[in-house]
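Protein chains in written order, with the numbering used here: chain A, 1 to 228; chain B, 229 to 536.
Okay, structure first, notes after.
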Amino acid sequence: MSADPAGTYAFPEWLPLEPISQGSTVIVAGPAFSNAEKLVEGMVAGGTRNGEGALMISTNETCRKLLESLRRTAADLDRSRLGVIDCSGQDIGSGGPEVQVKYVSTQSDLTGIGMKFSALYESLYGVATGGRVRTGLISLSSLSMYVDLRKLFQFAQTLSGRIDSADGLGAFTIDPTTHDTQTVNTLCQVADGRIDIREPEDDADGELRVRGLAGQPSGWQPFSLPSE
Amino acid sequence: MARRILCVDPDGDARTDTVEALSAEFDGSDPTVEFVTAATAADAEGALTTDTAAVITEYALPDGTGFDVIGAARKACADAGCVLYTDTDPDTIDTTELRGAITEYVGKGSAFGADRLAQLVRTTVETKSQSSYPVPQTEPERLAALRSYDLRGDAVVSSLERITDLAAAFFGVEQASVNIIGEHSQEFLACHGGAEEWETMDREDSICTFTILEDAGSMSVPDVTADPRFESRSEALIGLGIRAYLGANLTTSAGLTIGSLCVYDDDPRQFTGEDEAYLRDLADVAIELIELRAAAGPAATAADGGDR
Numbered sequence: 001m002s003a004d005p006a007g008t009y010a011f012p013e014w015l016p017l018e019p020i021s022q023g024s025t026v027i028v029a030g031p032a033f034s035n036a037e038k039l040v041e042g043m044v045a046g047g048t049r050n051g052e053g054a055l056m057i058s059t060n061e062t063c064r065k066l067l068e069s070l071r072r073t074a075a076d077l078d079r080s081r082l083g084v085i086d087c088s089g090q091d092i093g094s095g096g097p098e099v100q101v102k103y104v105s106t107q108s109d110l111t112g113i114g115m116k117f118s119a120l121y122e123s124l125y126g127v128a129t130g131g132r133v134r135t136g137l138i139s140l141s142s143l144s145m146y147v148d149l150r151k152l153f154q155f156a157q158t159l160s161g162r163i164d165s166a167d168g169l170g171a172f173t174i175d176p177t178t179h180d181t182q183t184v185n186t187l188c189q190v191a192d193g194r195i196d197i198r199e200p201e202d203d204a205d206g207e208l209r210v211r212g213l214a215g216q217p218s219g220w221q222p223f224s225l226p227s228e
Numbered sequence: 229m230a231r232r233i234l235c236v237d238p239d240g241d242a243r244t245d246t247v248e249a250l251s252a253e254f255d256g257s258d259p260t261v262e263f264v265t266a267a268t269a270a271d272a273e274g275a276l277t278t279d280t281a282a283v284i285t286e287y288a289l290p291d292g293t294g295f296d297v298i299g300a301a302r303k304a305c306a307d308a309g310c311v312l313y314t315d316t317d318p319d320t321i322d323t324t325e326l327r328g329a330i331t332e333y334v335g336k337g338s339a340f341g342a343d344r345l346a347q348l349v350r351t352t353v354e355t356k357s358q359s360s361y362p363v364p365q366t367e368p369e370r371l372a373a374l375r376s377y378d379l380r381g382d383a384v385v386s387s388l389e390r391i392t393d394l395a396a397a398f399f400g401v402e403q404a405s406v407n408i409i410g411e412h413s414q415e416f417l418a419c420h421g422g423a424e425e426w427e428t429m430d431r432e433d434s435i436c437t438f439t440i441l442e443d444a445g446s447m448s449v450p451d452v453t454a455d456p457r458f459e460s461r462s463e464a465l466i467g468l469g470i471r472a473y474l475g476a477n478l479t480t481s482a483g484l485t486i487g488s489l490c491v492y493d494d495d496p497r498q499f500t501g502e503d504e505a506y507l508r509d510l511a512d513v514a515i516e517l518i519e520l521r522a523a524a525g526p527a528a529t530a531a532d533g534g535d536r
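Structural data, given as structure tokens:
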């Protein structure tokens, strides 16, 4: 990963993305098995090796499974700068001693997720170089099974507002194939831009296309996950 | 009109510190900010108004908790940003009490304390980041444009009512209206049929607050019970005779949308592209009329019959 130009967040080499302005939130939209979630892991956790904080909200995967996945998507992860909110309601205590983990018993408790996000964000803000914290939410689609669209919009917009006020970076995943157009368009309103993911045409792991963010590559760009 | 920020804390010194930190952050802001304080949940709930833009509250209060205040704020001023600013460890708080209502949390003991609180409250108020609906990126300019028009004159309302009559006749519906989207509410400026009885509606319950975001200039909802944006409010909408909706934006010559011209059907209905184009034409006539009246100035308003 190259150094971050002033006022931006840069990404690992395997991601065909130019740096994104601080304070931004992006929606990463891809169907199941499209590697959208892996992409968000790389965008968020990849910054810890530069001293940034990384906060992952994992709605239905346990912290243990998330950490296993990060071994590939952020191999040089600095766990001391990682915070996880585990909303899976299972496998409590699986994070290990070096990772800050907060547990929420059910995905329907948006109050609890929001408050623990705020508390963990403050904690990471204090230890991260320059107060720089990246946030990943995996996934909006999972939360939508527990709360109605307006509540989910309010929650996502509140997260986005905190990220904006702290000059952070946010990346939230959504599976657009499981929602109608109004739902996807409404949730995308919380973000500054959108990254669409689709199955690749060749032997890459996926293709991405950026919309709404300045200075990004145009058209579909192939990407390959780091080797295991 | 000033925005109100309510600070709730049983500790008088803590209340003063919070207000001082926020006052510095909002110094010189437009609109201005007025601070109100309370020491108890009961006093705080009594101080909530529709103009309350933010509520900052301790969790432990003598007669309840900060969640009681936040729950009351969600009813009295749904758009307000709520922040729990507390000494209480969030891991010890039973969050199910709030039943999914959203609040920010800032620990008083954090290294950043009041400074981070002030930044967060400012962002929350200015971007309405805790509202349950999206706002246009040009919201401040849009509201300024709205304030620049005198929409109270009998003549302008009478002209707009004739446009709602035309819209209702064309679509064969019993209700139509010209709606203005303010900072927190929707006003029914000119109406046809039963819509004349409607009163101001909270912005979060308004369909038009989504319409004003449409780049296409119009939006249809064939059935409010089947649209995820409105299904949780569909019972109240159907009570007003709104099962299907078509709205077209009132967009000023500067490109700012101040409201919509709408028709309502009490049965599910699919609107065609031609329907949307026709309503957009009528909406264009309506905004031209509003702008012409504004350009003519107060003298024209007085000559036309004065204020309502």
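Backbone N, C-alpha and C define an ideal beta-carbon position, used for all residues, glycine too.
With respect to the C-alpha of Gly256 of chain B, the residue from B:Asp271, B:Val236, B:Ala230 having the closest C-alpha is B:Ala230. Within chain B, not a single residue places a beta-carbon under 9 Å from that of Gly7 of chain A; the smallest gap is close to 17 Å. By the CB criterion at 8 Å, Thr111 of chain A and Thr285 of chain B fall outside the cutoff. Counting C-beta atoms within 10 angstroms of its own C-beta, Ser34 of chain A has 16 or more neighbours from the protein chains shown and is therefore classed as buried. Under the three-state reduction of DSSP, Thr485 of chain B is assigned to strand. In this structure, DSSP gives Glu415 of chain B an extended state, which the three-state scheme calls strand.
8 Å or more divides the Cβ of Glu41 of chain A from the Cβ of Gly215 of chain A. Judged by their CB atoms, Val513 of chain B and Ile391 of chain B are nearer to each other than the 8 Å cut-off. Within the region 354-366 of chain B, those residues whose Cβ lies closer than 8 Å to any Cβ of chain A are, in chain order, Thr355, Ser357, Gln358, Ser359, Ser360, Tyr361, Pro362.
Each of A:Leu152, A:Asp4, A:Leu39 was checked against the Cα of Ser357 of chain B, and the nearest Cα belongs to A:Leu152. For Ile57 of chain A, the number of other beta carbons within 10 angstroms of its own is at least 16, and it is reported as buried. Between the beta-carbon of Ala395 of chain B and that of Leu507 of chain B there is about 6 Å, and that keeps the pair under the 8 Å contact cut. Look at Asn50 of chain A here: in three-state DSSP terms it is helix.
If you compare the alpha carbons of A:Ala32, A:Gly47, A:Leu39 with that of Asp4 of chain A, the shortest gap goes to A:Gly47. Under the three-state reduction of DSSP output, Met43 of chain A falls in the helix class. Put simply, the CB of Phe223 of chain A is far from chain B, with every gap to its CB atoms at 8 Å or more.
Here Ala444 of chain B has no same chain residue with a Cβ atom under 7 Å from its own Cβ, once five neighbours each way along the sequence are excluded.
The alpha-carbon of Thr323 of chain B is positioned some 24 Å away from that of Ala54 of chain A. Per DSSP, reduced to three states, the secondary structure at Gly126 of chain A is helical. Ala472 of chain B places its beta carbon 8 Å or farther from that of Glu504 of chain B.
The C-beta of Gly381 of chain B has 16 or more other C-beta atoms within 10 Å across all chains shown, which makes the residue buried. Annotated three-state conformation of Asp455 of chain B is coil, per DSSP.
Under DSSP, Phe155 of chain A takes part in no beta bridge, so it has no partner. Boundaries of the beta strand (DSSP E) around Gln100 of chain A: 100-103. Beta-bridge analysis with DSSP links Cys310 of chain B to B:Val283. Pairing Thr129 of chain A with Gly170 of chain A gives a Cβ-Cβ distance that is not under 8 Å. Segment contact: the region 290-297 of chain B against the region 261-269 of chain B, three or more CB-CB distances shorter than 8 Å; contact assigned.
Rounded to whole angstroms, the separation of the alpha carbons of Gly487 of chain B and Asp493 of chain B is 19 Å. Following the DSSP letters along the chain, one finds Glu332 of chain B inside the beta strand (DSSP E) bounded by residues 332-335. For Leu140 of chain A, the enclosing alpha helix (DSSP H) covers residues 140-143. Unbroken beta strand (DSSP E) stretches of 3 residues or longer found wholly inside the region 326-375 of chain B: 332-335, given in chain order. Between Tyr125 of chain A and Ala166 of chain A, the gap from beta carbon to beta carbon is short of 8 Å. Around the C-beta of Ile27 of chain A, 16 or more other C-beta atoms lie within 10 Å, and the residue is accordingly described as buried. The Cβ of Ser58 of chain A sits no closer than 8 Å to any Cβ of chain B.
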